[in-house]
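Note sheet for the following structure.
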Amino acid sequence: MSKTSKIISQARLEGRKVLLETEAKTICAEYNIPVTAFELAKTEDEAALFAERLGFPVVLKIVSPEIIHKSDAGGVMINLKSTVEVRDAYWKILENAQKYNAAAHIVGVLVQEMAPQSTEVIVGAVKDAQFGQTLMFGLGGIFVELLKDVTFRIAPITHEDAVDMVTGVKAYPLLKGYRNTPPADIEALTAILLNTSRLIMDYPEIKELDLNPVLAYEKGAKTVDARIILE
Ligand code: ADP
Ligand code: MG
Numbered sequence: 000m001s002k003t004s005k006i007i008s009q010a011r012l013e014g015r016k017v018l019l020e021t022e023a024k025t026i027c028a029e030y031n032i033p034v035t036a037f038e039l040a041k042t043e044d045e046a047a048l049f050a051e052r053l054g055f056p057v058v059l060k061i062v063s064p065e066i067i068h069k070s071d072a073g074g075v076m077i078n079l080k081s082t083v084e085v086r087d088a089y090w091k092i093l094e095n096a097q098k099y100n101a102a103a104h105i106v107g108v109l110v111q112e113m114a115p116q117s118t119e120v121i122v123g124a125v126k127d128a129q130f131g132q133t134l135m136f137g138l139g140g141i142f143v144e145l146l147k148d149v150t151f152r153i154a155p156i157t158h159e160d161a162v163d164m165v166t167g168v169k170a171y172p173l174l175k176g177y178r179n180t181p182p183a184d185i186e187a188l189t190a191i192l193l194n195t196s197r198l199i200m201d202y203p204e205i206k207e208l209d210l211n212p213v214l215a216y217e218k219g220a221k222t223v224d225a226r227i228i229l230e
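Here it is in structure tokens:
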């Protein structure tokens, strides 16, 4: 049985529709969608050990089925440069989560590699009542949220569709390189779209998928946050 099937069955068994970031990223990795390296810490000592193993700087995040928007809960701390900072952040994140939702069940604190800053893009999927599995692409921040500058295609998509999705957003010139923003690896982004298409076609029980953000580099791209919601 694939890791993806196991994760989905386990979530179903526990009556959960929202997969944890650890689960969503394990699924992404199985579909060759690049994600940040991560380890789930259950204690402060583990957080420190994992941070040393991954190499500084690292990012710490809350993992709880009840906390979907982690930054809203003070559950994301980036650019932690030392063991001392990691140990402090571990407790701060747990404290913030407790304040945000005292009833939230805490699975642990995710320690992950800090991806270098770059242009942020969003890859999404929704199961449309009429069209079925549908893919979305856009640039992060104001481009999607404020300007609704996104492209959609019904899955499954071809390589040509994927290229059209990336080049079809109004903000595309930013991806081609603009002033001090280097050009993004368009092939790496189209590969993520194609692999996401494969994933949602293989698992029609995926109702929503959000890779938000994916950092686009001159060479390659990396998903730093992934969310999957089941039907
Ligand atoms: P949320 O649940 O709030 O969407 P995210 O995991 O997306 O939480 O984290 C919030 C922001 O922190 C991201 O949009 C990104 O800018 C930054 N971030 C998160 N993880 C990483 C990482 N591993 N490397 C670099 N930046 C990160
Ligand atoms: Mg996010």
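Just so you know, the sequence shown maps onto residues 0 to 230 in numbering that gives the first Met the number 0.
Cβ atoms here follow ideal geometry from the backbone N, Cα and C, with glycine treated the same way.
Cβ of residue i versus every heavy atom of the ligand FMN: is any distance shorter than 7 Å?
| i | result |
| --- | --- |
| D71 | Summarising the ligand content, the structure contains the ligand ADP and the ligand MG and does not contain the ligand FMN. |
Tell me whether the beta-carbon of residue i lies closer than 8 Å to the beta-carbon of residue j.
| i | j | result |
| --- | --- | --- |
| V162 | V149 | no |
| K69 | I77 | no |
| A72 | A50 | no |
| E20 | T3 | no |
| V120 | L188 | yes |
| S196 | A154 | yes |
| M164 | F136 | yes |
| T82 | T180 | no |
DSSP state of residue i, grouped into three classes?
| i | result |
| --- | --- |
| T21 | helix |
| F151 | strand |
| L79 | strand |
| E38 | strand |
| K98 | helix |
| I185 | helix |
| Y202 | coil |
| V223 | coil |
| E119 | strand |
| K91 | helix |
| A128 | coil |
| A215 | strand |
| I228 | strand |
| E65 | coil |
If you drop the 5 nearest sequence neighbours on each side, which residues of the same chain put their C-beta closer than 8 Å to that of residue i?
| i | result |
| --- | --- |
| I191 | I32, P33, V122, L210, V213, A220, T222 |
| I6 | L18, E22, T25, I26 |
| S1 | E29 |
For residue i, which residues from the same chain have a beta carbon less than 7 Å from its beta carbon, with the 5 sequence-adjacent residues on both sides left out?
| i | result |
| --- | --- |
| K80 | F55, P56 |
| L193 | I156, H158, A161 |
| D184 | A215, Y216, E217, K218, G219, A220 |
| A170 | L138, F142, D148 |
| A103 | S63, E65, I66, A96 |
| K16 | I228, L229 |
Which stretch, first to last residue, makes up the alpha helix (DSSP H) that contains residue i?
| i | result |
| --- | --- |
| Q111 | Here Q111 belongs to no alpha helix (DSSP H); instead the beta strand (DSSP E) covers 107-112. |
| K237 | In the structure as shown, the chain begins at 0 and stops at 230. Residue 237 is therefore absent and cannot be evaluated. |
| P172 | 171-174 |
| I141 | 141-144 |
| E51 | 43-53 |
| D163 | 158-166 |
Note the first and the last residue of the continuous beta strand (DSSP E) segment covering residue i.
| i | result |
| --- | --- |
| Q132 | 131-138 |
| K60 | 57-62 |
Return the chain-ordered list of same chain residues with a C-beta closer than 6 Å to the C-beta of residue i, the five sequence neighbours on each side being excluded.
| i | result |
| --- | --- |
| V125 | T133, E207 |
| E230 | E204, K206 |
| Q111 | T35, F37, V58 |
| E43 | R86, Y89 |
| Y99 | A72 |
| L93 | none |
Mind the definition here: the stretch 174-183 touches the stretch 199-208 only if three or more C-beta pairs lie below 8 Å; say whether that holds. With the cut-off at 8 Å, the stretch 174-183 and the stretch 199-208 do not touch.
Quick check: the stretch 38-46 against the stretch 93-107, are at least 3 beta-carbon pairs closer than 8 Å? Enough Cβ pairs lie closer than 8 Å, so yes.
Whether or not the stretch 138-148 and the stretch 81-88 are in contact is what I'm after, with contact meaning three or more pairs of Cβ atoms, one per stretch, closer than 8 Å; do they touch? Fewer than three beta-carbon pairs drawn from the stretch 81-88 and the stretch 138-148 are found closer than 8 Å, and the two stretches are therefore not classed as touching.
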